[in-house]
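Enquirer:
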Amino acid sequence: MINGFGLGLGGNYSSDHFLDSDNKITVPGYFKLDATAFYEQTKYRISLKLNNLTDKEYWTSSFNATPQATRQFIANVTYRF
Numbered sequence: 004m005i006n007g008f009g010l011g012l013g014g015n016y017s018s019d020h021f022l023d024s025d026n027k028i029t030v031p032g033y034f035k036l037d038a039t040a041f042y043e044q045t046k047y048r049i050s051l052k053l054n055n056l057t058d059k060e061y062w063t064s065s066f067n068a069t070p071q072a073t074r075q076f077i078a079n080v081t082y083r084f
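With this note's numbering applied, the sequence shown has no gaps in its numbers, which climb one by one up to 84 at the end.
#1: Just mark residue 82 as buried or exposed, buried being the case when its beta carbon has 16 or more other beta carbons within 10 Å.
#2: On a CA-only basis, which of 5, 9, 34 is nearest residue 18? Give me that one, please.
#3: Please return the same chain residues whose Cβ sits closer than 6 angstroms to the Cβ of residue 70, not counting the five positions on each side in sequence.
#4: Buried or exposed: which applies to residue 80, given that a residue is buried once 16 or more other Cβ atoms fall within 10 Å of its Cβ?
#5: Beta-carbon within less than 8 angstroms of residue 44's beta-carbon, same chain only, minus the 5 sequence neighbours each way: which residues are those?
#6: Cβ-heavy atom distance between residue 69 and the ligand MG below 8 angstroms?
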């Protein structure tokens, strides 16, 4: 592997759960997968990240169901002075 190069893979899982106190409304479970790649040297870092790799539609909840972002591509360049 090239020195300074790295890869990452991560995910989040949530099972089906109830939205209301009467246990009548269910928010479906989901599995979301994210991936990242980066190249880093002393003065700089370049990274590419892909959130929600499978483009899964999913919702999170506490008191209401909130739709979450579909696939996102993020690029980042950091320079250290």
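Built from N, CA and C at the ideal position, the CB exists for glycine as well.
Expert: With the given structure in hand:
#1: exposed
#2: 34
#3: 62
#4: exposed
#5: 7
#6: Among the components modelled here there is no ligand, and therefore nothing to report on the ligand MG.
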